[in-house]
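Data block below; observations after.
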Amino acid sequence: MLELIITLMRSFFKVGMFGFGGGYAMISLLQRELERYGWLTMQEFVDIIAIAQMTPGAIAVNSGTFVGFKSTSSIFGAFCATLAVIAPSFILVLLLAHYYKKIKDSDYIKELIRYIRPTVIALIILAALSLVKTSIIDLKTFIISVSVLTIMLKSSLNPIALIVLAGISGALIY
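Okay, so the sequence shown: first residue is -19 according to the numbering used here, each after it adds one.
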């Protein structure tokens, strides 16, 4: 059990450490770690991402809590995975807050951020494509996905209303 907790914490610490750009950018890293250790199936992973979207909190934190609980069958496992995924950000924010005045005008920092942005976008696109491959299982889900995407692009519909509409559509179709 202790070995599993250590592996879980190391894995989620890595996700938290290298998940620049927030939750969406972390999805591909998270997926890779979950596949590596077999903690979730791809279908469970997609379900967790969907649930993490609907619940308060960050995707990585919600996912870490769930995977930690599922893999260890304990609240302690959930706590450890959650702590591990937030620790790098917490440490980084503390360091940045301490050194902010010294580095805020640094050309090196500005260039670093400038080159990190495209990488974050690539990570988000990779995560989206991975979710698309798993989520679109038949023609019906493809039609729903295209419809929702079209509605999102062409209107300013409230995201909550969109989630409710997607749920109703899924219930009616399936």
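All C-beta atoms in this analysis are idealised placements derived from N, C-alpha and C, irrespective of residue type, glycine included.
From a predicted model like this one, the values you see are computed outputs, not experimental measurements.
With respect to 8 Å, is the separation between the Cβ of residue i and the closest non-hydrogen atom of the ligand SAM below this value?
i	result
Tyr4	Of the ligands one can find in the structure shown there are none, so the ligand SAM has no counterpart to examine.
Leaving out five residues before and five after residue i in sequence, what residues of the same chain have Cβ atoms less than 7 Å from its Cβ?
i	result
Gly(-1)	Ala5, Met6, Leu9 and Ala40
Thr62	Val41, Gly44, Thr45 and Gly48
Pro68	Phe(-7), Gly(-4) and Met(-3)
Arg94	none
Leu137	Ile131
Glu91	none
Ile66	Gly(-4) and Val41
Lys113	none
What residue from the options has the CA that sits closest to residue i's CA?
i	options	result
Asp27	Asn42, Arg16, Val100 and Gly37	Asn42
Ser51	Leu133, Tyr154, Leu(-12) and Ser149	Leu(-12)
Lys120	Ala151, Lys90, Leu111 and Leu137	Ala151
Leu(-16)	Met34, Ile31, Ala58 and Ile104	Ala58
Met(-19)	Pro36, Ser53 and Ala38	Ser53
Met34	Ser86, Tyr154 and Ala141	Ala141
Ile148	Ser135, Val128, Leu76 and Leu133	Val128
Ile(-14)	Ile29, Arg97, Leu92 and Phe56	Phe56
Ala107	Ala30, Glu91 and Leu74	Ala30
Could you pull out every residue in the same chain whose Cβ sits closer than 8 Å to the Cβ of residue i, ignoring the five residues on either side in sequence?
i	result
Ser110	Ile7, Ser8 and Gln11
Ile116	Phe122 and Ser125
Val144	none
Leu133	none
Leu14	Leu20, Phe25 and Val47
Are any of the Cβ atoms in chain D nearer than 9 Å to that of residue i?
i	result
Lys113	Note that chain D does not occur in the displayed structure, where there is just one protein chain.
Enumerate in chain order the residues of its own chain whose CB-to-CB distance from residue i is below 6 Å, with the five nearest sequence positions on each side excluded.
i	result
Ile89	Ile83
Ala32	Ile39, Asn42 and Ser43
Tyr79	none
Ala64	Met(-11), Phe(-8) and Phe(-7)
Practice prompt. Please determine if the stretch 21 to 36 and the stretch -13 to -6 are in contact, where contact requires at least 3 C-beta pairs separated by less than 8 Å.
Written response: no
Discussion item. Could you tell me which whole beta strand (DSSP E) segments of length 3 or greater appear in the stretch 47 to 122?
Written reply: none
Practice prompt. Enumerate, from N- to C-terminal direction, the unbroken alpha helix (DSSP H) stretches of 4 or more residues contained entirely within the stretch -1 to 36.
Written response: 3 to 17 and 22 to 34
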